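Numbering-wise, the sequence shown is residues 533 to 967 according to the numbering used here. Remarks on the structure that follows.
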Amino acid sequence: MIVTKLLKLTGPSSTKGVVASNALYQIIGKFLSMGITVFVTVLVSRLYGREGYGEFNLMQSWPALFFIIVDFGFNAVVIRDVKKDKSQLETYLANVIGLRLVISFLIILVALGVLSFFPYNRLLKIGIILNLCLVVTQALYASANIIFQKYLRYDLSTISYILGYGAILITALVLIHFKQNVMWVSFAYVVGGSITFLAQYFLLKKFFFIRARIRLQKEIYKPLLIQAVPLGLMFVFSQINFKSDAILMSVLPVPAFIKLSQTEAVGVYGLPYKIFEVALVLPTFFMNAVYPIFIQKLETGKEDFLLMFYKTIGFLFLLGFAGAAVGAGLSGYVINLLGGQEFLQSAGVLRLLLIGLPIFYISQPISWFIVSLGKQKYLPAVYLLGAVFNVTLNLITIPMYSFYASSVLTWLSELFIVILLVIFARKSWKTYVAR
Numbered sequence: 533m534i535v536t537k538l539l540k541l542t543g544p545s546s547t548k549g550v551v552a553s554n555a556l557y558q559i560i561g562k563f564l565s566m567g568i569t570v571f572v573t574v575l576v577s578r579l580y581g582r583e584g585y586g587e588f589n590l591m592q593s594w595p596a597l598f599f600i601i602v603d604f605g606f607n608a609v610v611i612r613d614v615k616k617d618k619s620q621l622e623t624y625l626a627n628v629i630g631l632r633l634v635i636s637f638l639i640i641l642v643a644l645g646v647l648s649f650f651p652y653n654r655l656l657k658i659g660i661i662l663n664l665c666l667v668v669t670q671a672l673y674a675s676a677n678i679i680f681q682k683y684l685r686y687d688l689s690t691i692s693y694i695l696g697y698g699a700i701l702i703t704a705l706v707l708i709h710f711k712q713n714v715m716w717v718s719f720a721y722v723v724g725g726s727i728t729f730l731a732q733y734f735l736l737k738k739f740f741f742i743r744a745r746i747r748l749q750k751e752i753y754k755p756l757l758i759q760a761v762p763l764g765l766m767f768v769f770s771q772i773n774f775k776s777d778a779i780l781m782s783v784l785p786v787p788a789f790i791k792l793s794q795t796e797a798v799g800v801y802g803l804p805y806k807i808f809e810v811a812l813v814l815p816t817f818f819m820n821a822v823y824p825i826f827i828q829k830l831e832t833g834k835e836d837f838l839l840m841f842y843k844t845i846g847f848l849f850l851l852g853f854a855g856a857a858v859g860a861g862l863s864g865y866v867i868n869l870l871g872g873q874e875f876l877q878s879a880g881v882l883r884l885l886l887i888g889l890p891i892f893y894i895s896q897p898i899s900w901f902i903v904s905l906g907k908q909k910y911l912p913a914v915y916l917l918g919a920v921f922n923v924t925l926n927l928i929t930i931p932m933y934s935f936y937a938s939s940v941l942t943w944l945s946e947l948f949i950v951i952l953l954v955i956f957a958r959k960s961w962k963t964y965v966a967r
């Protein structure tokens, strides 16, 4: 059904096929990876309990807070500005890998410094440190995807993605079978991330004759970095807005009526949040496929571009609304299936999170609308204000209402961001039309 909607949405037959097929490849890959993630989540939550799953969630949340930062908008800039010239793309790819590795190591150093101030037990800290390697694997994965996205070959990206998640599944099963500490189960994701990049490297050489090297050429990385800064800062503030709540919950007081420890509260919140994150991949993958088409439509005519944008945002809103309605009805069943009786409170958390699903689904096309017009300079301010709004209210309300407060604030913060995005999208469009 989604593929049919995509075909209706995207216009001419050639464009229809490209967008639909590439979105479909990503959806297939994500459903397979989602199945593996859900399976590992079930094993950890049931075999290690609330406390163990809470620790597992923190080991994943710390790198997740940082690893999207290494994206830093480089992919969008290269896709928009660099032509399909193999030697030029290879040069840019090498410099993007170099930049992202430098940023990754700096981020890890900062994270280690910050982590030293948190009152976690020794094994939890070791687990977080081990899983910070995900920052590096994410940097390599995002870099290789430049080529696949530029040539709209998400089928190849999906193959490597599935191989990586297969490695995660096998590694996690072996570690759980031998009753290893939950930190090693979490480390399975680092193993999978490494396999993913190795597969990408092989496919780049086989299909595009491109080698993933590491370079830092000032004449390449300096203008690239300057152009990417607005989008990169947007990712930084967006990730703070999206991931800081679990970390705050792990150190702030838990209200008495919750009757859980801090780590258990993180576990109860983390399980439905994982489901919510899975639901958010659809607009992400959809926009990955549509963004290059946005650029093409803008070149052919303003009306075509605007029509494409309205169709995109309308489709994603309806998809988000349908997902929220279905998800709310199934919340209790899904949580009981995944976590069992220990996670009964998670059902209410999931329902609260899903209220905001349509809001998250429309925020992405509005952001990429602004980027397509070359006005990404507005985005850092929008997401900075959103992050301040989210963190401030979480600091105030978590000690009173714990994960219930964070659930509501997740989408209230996104609604605040959408309002700001609409204001700047209108301003950007008026400027573009008037030039």
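Think of the CB as a built atom: it goes at the ideal place given N, C-alpha and C, for glycine as much as any other residue. Model, not experiment: these values are computed from the prediction.
How about Ile-742 and Leu-748: are their beta carbons less than 8 Å apart? Counted from its first residue, the sequence shown places residue 742 at position 210. Counted from its first residue, the sequence shown places residue 748 at position 216. The beta carbons of Ile-742 and Leu-748 sit no closer together than 8 Å.
Return the Cβ separation of Leu-784 and Ile-928 in integer angstroms, given the expectation that the two are a contact with Cβ distance under 8 Å. The residue you call residue 784 lines up with position 252 of the sequence shown. The residue you call residue 928 lines up with position 396 of the sequence shown. Going by Cβ atoms, the distance from Leu-784 to Ile-928 rounds to 10 Å, so no, they are not a contact pair.
Anyone know if the C-beta pair for Ala-704 and Val-717 falls short of 8 Å? Within the sequence shown, residue 704 is the residue found at index 172, counting from 1. Within the sequence shown, residue 717 is the residue found at index 185, counting from 1. Result yes, Cβ atoms of Ala-704 and Val-717 sit closer than 8 Å.
Val-570 and Leu-812 - do their beta-carbons sit closer together than 8 Å? Translated into the one-based positions of the sequence shown, residue 812 becomes position 280. Translated into the one-based positions of the sequence shown, residue 570 becomes position 38. In this structure, Leu-812 sits away from Val-570, with a CB-CB distance that is not shorter than 8 Å.
Is the number of C-beta pairs between the stretch 776-793 and the stretch 551-563 that are closer than 8 Å three or more? No, because fewer than three Cβ pairs between the stretch 776-793 and the stretch 551-563 fall closer than 8 Å, the two stretches do not touch.
Cβ-Cβ distance between Val-786 and Ser-565 below 8 Å: In the sequence shown, counting from the first residue as 1, residue 786 sits at position 254. In the sequence shown, counting from the first residue as 1, residue 565 sits at position 33. In terms of Cβ geometry, Val-786 and Ser-565 do not form a close pair [threshold 8 Å].
Can you give, in chain order, each stretch of the alpha helix (DSSP H) that sits fully within the stretch 695-757 and has at least 4 residues? At a cut-off of 4 residues, the continuous stretches assigned as alpha helix (DSSP H) that sit fully inside the stretch 695-757 are 714-740.
Under 8 Å by Cβ, that's how I've got Arg-582 and Glu-874 pegged, so tell me the actual separation to the nearest angstrom. To locate residue 582, count along the sequence shown from 1; it is residue 50. To locate residue 874, count along the sequence shown from 1; it is residue 342. Contact flag correct, Cβ pair sits at about 5 Å.
Buried or exposed by the 16-neighbour rule on C-beta atoms within 10 Å, applied to Ala-857: To locate residue 857, count along the sequence shown from 1; it is residue 325. So Ala-857 counts as exposed.
Ser-726: beta carbon under 7 Å from a heavy atom of the ligand COA? This structure does not include the ligand COA; it has no bound ligands of any sort.
For Leu-647, collect the residues of the same chain with a Cβ closer than 8 Å to its Cβ; drop the 5 residues on either side in sequence, then sort them by chain order. The residue given as residue 647 occupies position 115 in the sequence shown. Within the same chain, Cβ atoms closer than 8 Å to the Cβ of Leu-647 are found at Trp-594, Lys-657, Ile-660, Ile-661, the five residues on either side in sequence being excluded.
Could you work out which residue in Tyr-686, Ala-676, Phe-818, Ser-945 is closest to Ser-726 when comparing CA atoms only? For the purposes of this step, residue 726 is taken as residue 194 along the sequence shown, with counting starting at 1. Comparing Cα-Cα distances from Ser-726 to each of Tyr-686, Ala-676, Phe-818, Ser-945, the minimum goes to Ala-676.
Are the Cβ atoms of Leu-886 and Ala-854 separated by less than 8 Å? By 1-based counting over the sequence shown, the position of residue 886 is 354. By 1-based counting over the sequence shown, the position of residue 854 is 322. In this structure, Leu-886 sits away from Ala-854, with a CB-CB distance that is not shorter than 8 Å.
If you pair each beta-carbon of the stretch 892-902 with each one of the stretch 816-826, do three or more pairs fall below 8 Å? Segments in contact, yes.
Decide yes or no for the touch test of the stretch 792-808 against the stretch 954-962: beta carbon pairs closer than 8 Å, at least 3 of them. Not touching, per the Cβ criterion.
Please report the Cβ distance between Asn-926 and Ala-937, rounded to the nearest whole angstrom; I am assuming they are in contact, meaning their Cβ atoms lie under 8 Å. Against the sequence shown, residue 926 aligns to sequence position 394. Against the sequence shown, residue 937 aligns to sequence position 405. About 7 Å separates the two Cβ atoms, so the contact holds.
Environment of Leu-911 [buried if 16+ CB atoms lie within 10 Å]: Indexing the sequence shown from 1 puts residue 911 at position 379. Result: buried.
Would you say Arg-743 reaches chain C, if we count a Cβ-Cβ gap shorter than 8 Å as a contact? Protein chain content of the structure displayed is limited to a single chain, and chain C is not contained in it.
Would you give the residue range spanned by the alpha helix (DSSP H) that Leu-869 belongs to? Reading the sequence shown from its first residue, position 337 is the one you call residue 869. It spans 834-871 - the alpha helix (DSSP H) in which Leu-869 sits, taken as one unbroken run.
Whole-angstrom C-beta distance between Val-610 and Tyr-624, which should lie under 8 Å: Residue numbering aside, residue 624 sits at position 92 when the sequence shown is read from its first letter. Residue numbering aside, residue 610 sits at position 78 when the sequence shown is read from its first letter. Rounded, the Cβ-Cβ distance is 5 Å, consistent with contact.
Please determine, among Phe-892, Leu-672, Lys-775, Leu-905, the residue with the shortest C-alpha to C-alpha distance to Phe-837. Against the sequence shown, residue 837 aligns to sequence position 305. Out of Phe-892, Leu-672, Lys-775, Leu-905, Leu-905 has the C-alpha closest to the C-alpha of Phe-837.
How about Ile-600 and Gln-771: are their beta carbons less than 8 Å apart? Translated into the one-based positions of the sequence shown, residue 600 becomes position 68. Translated into the one-based positions of the sequence shown, residue 771 becomes position 239. Yes.
Let me know the alpha helix (DSSP H) ranges lying completely inside the stretch 561-631, each 4 residues or longer, listed in chain order. Taking only runs of at least 4 residues, the alpha helix (DSSP H) segments lying wholly in the stretch 561-631 are 606-613.
By a C-beta neighbour count over all protein chains shown, 10 Å radius and 16 as the cutoff for buried, is Asn-663 buried or exposed? Numbered from 1 along the sequence shown, position 131 holds the residue referred to as residue 663. Buried, since its Cβ has 16 or more Cβ neighbours within 10 Å.
Over the uninterrupted alpha helix (DSSP H) stretch that includes Gln-896, give me the two end residues. If you number the sequence shown from 1, residue 896 lands on position 364. From DSSP, the alpha helix (DSSP H) with Gln-896 extends over 889-904.
Taking 8 Å as the threshold (C-beta atoms), are Asn-627 and Leu-756 in contact? Here residue 756 refers to the residue found at position 224 when the sequence shown is read from its first residue. Here residue 627 refers to the residue found at position 95 when the sequence shown is read from its first residue. Annotated as proximal: Leu-756 and Asn-627, with beta-carbon spacing under 8 Å.
Run through DSSP, which three-state label would Val-940 get? As a first step, residue 940 must be located in the sequence shown, where it is residue number 408. Here Val-940 sits in helix by DSSP.
On the criterion of 16 or more Cβ atoms from any shown chain inside 10 Å, does Ala-674 qualify as buried, or is it exposed? Translated into the one-based positions of the sequence shown, residue 674 becomes position 142. Taking a 10 Å sphere around the C-beta of Ala-674, we find 16 or more other C-beta atoms and assign the residue as buried.
Trp-961 by DSSP, collapsed to three states: which one? Walking along the sequence shown from the start, residue 961 turns up at place 429. When DSSP states are grouped into helix, strand and coil, Trp-961 belongs to the helix group.
Note down the Cα distance separating Val-914 from Ser-945, rounded to an integer number of angstroms. For the purposes of this step, residue 914 is taken as the residue at position 382 of the sequence shown. For the purposes of this step, residue 945 is taken as the residue at position 413 of the sequence shown. The straight-line gap from Cα to Cα measures roughly 11 Å.
Under the rule that 16 or more other beta-carbon atoms within 10 Å means buried, what is Glu-587, buried or exposed? In the sequence shown, the residue the question calls residue 587 occupies position 55. Burial is judged here by how many other beta carbons sit within 10 angstroms of a residue's own beta carbon; Glu-587 has at least 16 and is buried.
Please state if the CB of Ile-894 and the CB of Gly-845 are separated by a distance shorter than 8 Å. Along the sequence shown, read from residue 1 onward, the residue named residue 845 stands at position 313. Along the sequence shown, read from residue 1 onward, the residue named residue 894 stands at position 362. Reading off the sequence, residue 845 comes out as Ile, not Gly. Yes, Cβ-Cβ distance for Ile-845 and Ile-894 is below 8 Å.
For Met-533, count the other beta carbons within 10 Å of its own beta carbon; 16 or more makes it buried, fewer makes it exposed. Which is it? Taking the first residue of the sequence shown as position 1, residue 533 is located at position 1. Only weak support exists for where Met-533 lies, its pLDDT of 47 falling under 50; the coordinates are left without a value.
Please report the straight-line C-alpha distance between Ala-720 and Leu-701, rounded to a whole angstrom. Counting from one through the sequence shown, the residue named residue 720 turns up at place 188. Counting from one through the sequence shown, the residue named residue 701 turns up at place 169. Spanning the two alpha carbons is a distance of roughly 8 Å.
Quick one, are the C-beta atoms of Leu-1032 and Ser-782 less than 8 Å apart? As shown, the chain starts at 533 and ends at 967. That puts residue 1032 outside it, with no answer to give.
Going straight from the alpha carbon of Tyr-753 to that of Ile-629, what length do you get? As a working mapping, residue 753 is identified with position 221 in the sequence shown. As a working mapping, residue 629 is identified with position 97 in the sequence shown. It is roughly 10 Å from the alpha-carbon of Tyr-753 to the alpha-carbon of Ile-629.
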